[in-house]
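The numbering of the sequence shown is the numbering used here, which starts it at 88 and goes up by one.
Glycine included, C-beta positions come from ideal geometry on N, C-alpha and C.
In this text, all values refer to a predicted model and were calculated from it rather than measured experimentally.
All remarks here apply to the structure that follows.
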Amino acid sequence: MAEEKLSRAVVRTRQALVSALLSGIEEAGFQKTTVNDLCERALVSRATFYTHFEDKYHLLRYAMENMSETLRRTATGQDDIGAQIKAMLDQIESRPRLFKNLFLDDSSFELQRMFSMSVVDRLAQLLEARQMAGELPEDISPTMLALFASGGMAHLITWWISGDMVTPKGEMIRDILAIFRMTGMPKVC
Numbered sequence: 088m089a090e091e092k093l094s095r096a097v098v099r100t101r102q103a104l105v106s107a108l109l110s111g112i113e114e115a116g117f118q119k120t121t122v123n124d125l126c127e128r129a130l131v132s133r134a135t136f137y138t139h140f141e142d143k144y145h146l147l148r149y150a151m152e153n154m155s156e157t158l159r160r161t162a163t164g165q166d167d168i169g170a171q172i173k174a175m176l177d178q179i180e181s182r183p184r185l186f187k188n189l190f191l192d193d194s195s196f197e198l199q200r201m202f203s204m205s206v207v208d209r210l211a212q213l214l215e216a217r218q219m220a221g222e223l224p225e226d227i228s229p230t231m232l233a234l235f236a237s238g239g240m241a242h243l244i245t246w247w248i249s250g251d252m253v254t255p256k257g258e259m260i261r262d263i264l265a266i267f268r269m270t271g272m273p274k275v276c
């Protein structure tokens, strides 16, 4: 989103609501976090909330876009998918309860889909660049390959989180990259 074009007050309000949402999910889960809870935590009225977001799902999409943008900035200039996966796992590892509640909530399928779509664009861009460089066959759709890979990655991350992240992060990265290579992305990994 073009936050720089918004007023500071709007940016602060949205940041406060995102922070309230993430704290609420961390403590109680997404389903149990209400708009009233969010407004109380962010110190805004319900009218203010609805000025910025249609509902808490809209706020969640906005928050996930922000997380995705943070990951993008963290990995800017890095065409190495391993570094990008590490950045994503670092983010998950920094707030394990938040991500556990996000991925294992009653609505986890929708949340997994949202997560998956948040990484598809970046992965598709990397794959398109590799395809243009002749490192990926032209008969493979970069977008379809990105969808396939990110969906699998979302399920692997759900498995990792549900097992309390017992598998070391380095092993997760190694295995995800090995799986990617097996699915036709040898030059990307």
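| Asked | Found |
| --- | --- |
| Mind the definition here: the region 223-231 touches the region 179-192 only if three or more C-beta pairs lie below 8 Å; say whether that holds. | no |
| Give the single residue among Gly-257, Arg-148, Arg-268 whose Cα lies nearest to the Cα of Lys-173. | Gly-257 |
| Is the beta carbon of Ala-103 sitting closer than 7 Å to the one on Ala-134? | no |
| Taking the continuous alpha helix (DSSP H) assigned at Gln-56, which residues delimit it? | It is not possible to answer for residue 56, since the shown part of the chain is limited to 88 through 276. |
| My understanding is that Tyr-149 touches Val-105, with C-beta atoms under 8 Å, so please give their C-beta distance in whole angstroms. | 7 Å |
| Taking the straight line between their C-alpha atoms, what separation do you get for Tyr-137 and Met-201? | 21 Å |
| Secondary structure at Glu-156, three-state DSSP: helix, strand or coil? | helix |
| Just the C-alpha distance for Thr-254 and Ala-241, rounded to the nearest angstrom, thanks. | 16 Å |
| Using alpha carbons as the reference points, say which of Glu-114, Phe-140, Leu-210 lies closest to Val-122. | Phe-140 |
| Can you name, in chain order, every residue of its own chain whose Cβ lies under 7 Å from the Cβ of Ala-211, other than the five neighbours on each side? | Pro-229, Thr-230, Ala-233 |
| At what residues does the alpha helix (DSSP H) containing Glu-258 begin and finish? | 256-269 |
| Could you please give the first and the last residue of the uninterrupted alpha helix (DSSP H) stretch that includes Met-240? | 229-249 |
| With distances taken from CA atoms, which of Leu-243, Leu-146, Met-252 is nearest Leu-264? | Leu-243 |
| Out of Phe-267, Leu-213, Lys-92, which has the shortest C-alpha to C-alpha gap to Gly-238? | Phe-267 |
| Rounding to the nearest angstrom, what Cα-Cα distance links Asp-124 and Asp-142 in this structure? | 13 Å |
| Quick one: grab the DSSP three-state call for Arg-182. | coil |
| Thinking Arg-160 and Arg-209 are a contact (beta carbons under 8 Å), I'd like their distance in whole angstroms, please. | With 8 Å as the limit, Arg-160 and Arg-209 do not qualify as a contact, their Cβ atoms being about 11 Å apart. |
| Kindly give me the distance between the Cβ atoms of Phe-117 and Leu-147, rounded to whole angstroms, as I take these residues to be in contact under 8 Å. | 7 Å |
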